[in-house]
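Residue numbers (the UniProt record's numbering): 1 to 268.
Reading through the structure tokens given below for one structure.
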């Protein structure tokens, strides 16, 4: 037992002496346990490259997304609020006077189809406004005739009273022309006549404009819509006014029908 232990001790001592002797012969050679690993170096290099590539990708995506947002962002849109047709004067109703007297107040508030005349026009009122402070240039208006039929041969025409007028951006819609023309209205005074301002007009969120489109020279039973053209941030666009898809319903004055003042609705 003692002899085997001594032999093992001798072999261990010999191995230590051999290692020490090898270090003395190659003093510049690193210890195998402390020498850098090629695999460790590759992992470090790959990690650095991955970090740089990731940073470049993030920068490119952020920059590209900003450019895409700038290129694809929609220009401010035109907001339009329209009402009508409205007016005073004459209106057509399909019922007889006796039938109309049963609901006279309702007839006066909302009944019938308005009839434009030389003295009293029928109009569509549109208020235009931009969605932001950036100005939009409204370049024109176009009328689309949705339907056109003959004037009725039966019914009643009721004439109502009118109030005073107000200043407005006024245009005449001439239905005797094809296509229908849209022209600035001529304002008549005691001594002169002045043509109103024509398109274009500039609107913004803080500077809206109100337009009134007067129906003129109408000899048929018509439904129509108005399409406004505009430019925002260099991009053209259109806005259609069509009374919720129903169109604006007006007609010329039917000839040969009984005609009464509105006061006749209240007589027994």
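Backbone N, C-alpha and C define an ideal beta-carbon position, used for all residues, glycine too.
Answer yes or no: do residue i and residue j have a C-beta to C-beta separation smaller than 9 Å?
i, j, result
"residue 239", "residue 257", "no"
"residue 249", "residue 212", "no"
"residue 143", "residue 84", "no"
"residue 113", "residue 251", "yes"
"residue 216", "residue 173", "yes"
"residue 176", "residue 246", "no"
"residue 129", "residue 79", "yes"
Between which two residues does the alpha helix (DSSP H) holding residue i run?
i, result
"residue 100", "97–100"
Spatial neighbours of residue i within its chain, please: C-beta separation below 8 Å, excluding the five flanking residues on both sides.
i, result
"residue 260", "97, 156, 157, 158, 159"
"residue 206", "133"
"residue 120", "87, 88, 89, 90, 162"
Just curious, the beta strand (DSSP E) that residue i is in, first and last residue?
i, result
"residue 138", "136–149"
"residue 189", "Unbroken run through residue 189: none, as it is neither H nor E."
"residue 330", "With the chain covering only 1 through 268, there is no way to say anything about residue 330."
Once you ignore the five residues that flank residue i on each side, which residues in its own chain have a CB closer than 6 Å to its CB?
i, result
"residue 264", "none"
"residue 81", "127"
"residue 194", "187"
"residue 137", "200, 202, 231"
"residue 69", "Because the pLDDT at residue 69 is just 44, under 50, the model does not fix this residue reliably, and the point stays unresolved."
"residue 183", "172"
"residue 107", "100"
"residue 181", "174"
Please look up how many angstroms separate the CB atoms of residue i and residue j, rounded, as I've assumed it's under 8 Å.
i, j, result
"residue 77", "residue 111", "Actually they are not in contact, since the Cβ atoms of residue 77 and residue 111 sit about 36 Å apart, beyond 8 Å."
"residue 170", "residue 154", "That belief does not hold up - the Cβ atoms of residue 170 and residue 154 are roughly 34 Å apart, past 8 Å."
"residue 115", "residue 253", "5 Å"
"residue 89", "residue 117", "6 Å"
Compare the C-beta of residue i against all C-beta atoms of chain D and say whether one is closer than 9 Å.
i, result
"residue 104", "Protein chain content of the structure displayed is limited to a single chain, and chain D is not contained in it."
Among residues of its own chain, excluding the 5 on either side of residue i, which ones have a beta-carbon nearer than 7 Å to its beta-carbon?
i, result
"residue 189", "none"
"residue 266", "104"
"residue 151", "220, 221, 251, 252, 254"
Legend entry - contact_flag[the region 189–205, the region 235–251] where n(CB pairs < 8 Å) is 3 or more: Below 8 Å, too few C-beta pairs join the region 189–205 and the region 235–251 to call them touching: fewer than three.
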